[in-house]
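Engineer:
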Amino acid sequence: MSQKPTNPTQPRPSQPAGFMEDFRRFFLRGLATLLPTLITLIILAWIWNFLSQTVGSYIGPNVVYGLQWLLGQSEMGRAFGTWYGDVSRPWHRDLVNVVSAIVLVYLVGVLVGNFIGRTAYRLTEMAVIKLPVIRAIYPAAKQVTDFLMADRKGGQFAGSRVVAVQPHEGGIWSIGLVTGSDFRPLSQVVGEEMVTVFTPSSPTAFSGYVLVVPRRQIVELPMTVEEAMRLLVSGGVIGPQRLAEPSGQGEEAGAAPRRAG
Numbered sequence: 167m168s169q170k171p172t173n174p175t176q177p178r179p180s181q182p183a184g185f186m187e188d189f190r191r192f193f194l195r196g197l198a199t200l201l202p203t204l205i206t207l208i209i210l211a212w213i214w215n216f217l218s219q220t221v222g223s224y225i226g227p228n229v230v231y232g233l234q235w236l237l238g239q240s241e242m243g244r245a246f247g248t249w250y251g252d253v254s255r256p257w258h259r260d261l262v263n264v265v266s267a268i269v270l271v272y273l274v275g276v277l278v279g280n281f282i283g284r285t286a287y288r289l290t291e292m293a294v295i296k297l298p299v300i301r302a303i304y305p306a307a308k309q310v311t312d313f314l315m316a317d318r319k320g321g322q323f324a325g326s327r328v329v330a331v332q333p334h335e336g337g338i339w340s341i342g343l344v345t346g347s348d349f350r351p352l353s354q355v356v357g358e359e360m361v362t363v364f365t366p367s368s369p370t371a372f373s374g375y376v377l378v379v380p381r382r383q384i385v386e387l388p389m390t391v392e393e394a395m396r397l398l399v400s401g402g403v404i405g406p407q408r409l410a411e412p413s414g415q416g417e418e419a420g421a422a423p424r425r426a427g
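Count along the sequence shown from 1, then add 166; that gives the number in the working numbering.
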């Protein structure tokens with residue numbers, strides 16, 4: 167009896183996965199499970215060290231000396247000094263430094279919230295920015311801080327700073343953050359309002375390039391700055407958790423803005 171010819175196109179039975187394949191699959195699964203927690207812990211540890219070793223290292227000892235002066239030679243004062251100076255437990259010192267730094271930042275926020283504190287802060291700022299080296303760094307740092315910490319409830323583009331622009335033709339869009347509502351040097355030349363848009367790169371969202379585009383050629387996106395940054399840092403893997411439906415006025419959602427010409 168002749169045997170039936172084998173069909174070369176017939177799929178072969180799957181071979182059982184070896185140890186290395188199982189190890190690779192389970193290792194990647196475990197890494198994907200633990201990595202978000204590890205990244206969170208690393209960031210928290212960096213914040214702790216920054217507050218403890220930079221800001222708090224100058225404030226904590228002064229706070230301790232002040233408390234010892236207030237408490238005097240009482241039993242509580244001596245106990246607190248011994249507790250803080252225990253070299254076998256350095257986390258005591260770090261804890262005082264971190265708490266002191268947090269309290270200081272809070273008090274500064276409270277002080278600049280009233281007229282007297284705000285006036286004193288502005289006078290001090292005006293004196294500081296006159297120094298040769300500081301005046302080249304401080305204004306740029308303040309502009310970036312003001313932009314990142316700005317109130318999202320008002321201002322330009324009805325509270326939305328996240329926009330889409332087309333740096334080139336062909337239906338390719340880039341996500342950016344509006345950093346300036348009117349770029350006058352170019353607006354006066356071209357005869358229409360131009361805005362500056364910072365388009366972050368991925369995954370290092372704090373680097374990128376600046377575009378100056380007509381205001382009519384940008385599309386506002388129903389996203390917060392935090393959602394846009396997560397989208398960019400993750401390379402598009404983590405999308406916005408909420409997308410508001412368009413109001414129906416004007417163009418359809420996602421449609422390219424009409425260009426003059």
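Ideal placement from N, C-alpha and C gives every residue a C-beta, glycine not left out.
1) Terminal residues of the continuous alpha helix (DSSP H) containing SER266?
2) Let me know the secondary structure DSSP gives VAL361 once reduced to three states.
3) When we look at the beta-carbon of MET389 and count the other beta-carbons within 10 Å, is it buried (16 or more) or exposed?
4) Thinking VAL391 and ARG327 are a contact (beta carbons under 8 Å), I'd like their distance in whole angstroms, please.
5) Could you tell me whether the Cβ atoms of SER368 and GLY405 are closer together than 9 Å?
6) Excluding sequence positions up to five away, which residues of its chain have a Cβ less than 6 Å from the Cβ of SER373?
7) Under the rule that 16 or more other beta-carbon atoms within 10 Å means buried, what is GLY226, buried or exposed?
8) Count the other CB atoms within 10 Å of the CB of ILE384; is the residue buried (16 or more) or exposed (fewer)?
9) Would you call the CB atoms of ARG244 and TYR250 closer than 9 Å?
10) Please state whether the Cβ-Cβ distance between PHE364 and GLY336 is less than 9 Å.
11) Counting Cβ pairs closer than 8 Å, one from the segment 347-364 and one from the segment 375-382, do we hit at least three?
12) Give a yes or no on contact between the segment 217-233 and the segment 259-277, applying the rule of three or more CB pairs nearer than 8 Å.
13) For a quick check, are the C-beta atoms of VAL269 and PHE246 less than 9 Å apart?
14) What residue range is occupied by the uninterrupted beta strand (DSSP E) comprising PRO380?
15) SER223 by DSSP, collapsed to three states: which one?
16) Relative to the C-alpha of LEU387, which candidate in PHE281, ALA198, VAL344 has its C-alpha closest?
17) In the DSSP assignment, find the unbroken beta strand (DSSP E) run with GLY346 in it and report its ends.
18) Roughly how many whole angstroms lie between the Cα atoms of MET395 and VAL403?
Structural biologist: Considering the structure as presented:
1) Taking the sequence shown and counting its residues from 1, the one referred to as residue 266 is at position 100. Counting along the chain, the alpha helix (DSSP H) containing SER266 begins and ends at 256-277.
2) The residue given as residue 361 occupies position 195 in the sequence shown. In this structure, VAL361 counts as strand in the three-state DSSP scheme.
3) To locate residue 389, count along the sequence shown from 1; it is residue 223. Taking all protein chains in view, the Cβ of MET389 is crowded by 16 or more other Cβ atoms within 10 Å, so the residue is classified as buried.
4) The residue labelled residue 391 in the question sits at position 225 within the sequence shown. The residue labelled residue 327 in the question sits at position 161 within the sequence shown. ARG327 and VAL391 do touch by the CB rule: their CB atoms are close to 6 Å apart, below 8 Å.
5) In the sequence shown, the residue the question calls residue 368 occupies position 202. In the sequence shown, the residue the question calls residue 405 occupies position 239. SER368 is not a Cβ neighbour of GLY405, given a cutoff of 9 Å.
6) The residue you call residue 373 lines up with position 207 of the sequence shown. SER367.
7) Taking the first residue of the sequence shown as 1, we reach residue 226 at position 60. Of the residues assessed, GLY226 falls on the buried side of the cut-off, its CB having 16 or more other CB atoms within 10 angstroms.
8) Here residue 384 refers to the residue found at position 218 when the sequence shown is read from its first residue. That one is buried.
9) Here residue 244 corresponds to residue number 78 of the sequence shown, with the count starting at 1. Here residue 250 corresponds to residue number 84 of the sequence shown, with the count starting at 1. In this structure, ARG244 keeps its C-beta atom at 9 Å or more from the C-beta atom of TYR250.
10) On the sequence shown, residue 364 is found 198 positions in, with the first residue counted as 1. On the sequence shown, residue 336 is found 170 positions in, with the first residue counted as 1. Not a contact, by the Cβ cut-off of 9 Å.
11) In this structure the segment 347-364 lies against the segment 375-382, because at least three pairs of beta carbons, one per stretch, are closer than 8 Å.
12) Contact between the segment 217-233 and the segment 259-277 is present: 3 or more CB-CB pairs across the two stretches fall below 8 Å.
13) If you number the sequence shown from 1, residue 269 lands on position 103. If you number the sequence shown from 1, residue 246 lands on position 80. It is not a contact, given that the beta carbons lie outside the stated cut-off.
14) Working through the sequence shown from its first residue, we reach residue 380 at position 214. Residues 374-380.
15) Stepping through the sequence shown from its first residue, residue 223 is reached at position 57. Helix at SER223.
16) Counting from one through the sequence shown, the residue named residue 387 turns up at place 221. If we check each option's Cα against that of LEU387, VAL344 comes out closest.
17) Locating residue 346 in the sequence shown gives position 180, where the first residue counts as 1. Per DSSP, the continuous beta strand (DSSP E) segment holding GLY346 begins and ends at 340-346.
18) The residue you call residue 395 lines up with position 229 of the sequence shown. The residue you call residue 403 lines up with position 237 of the sequence shown. Taking the straight line from one Cα to the other gives about 12 Å.
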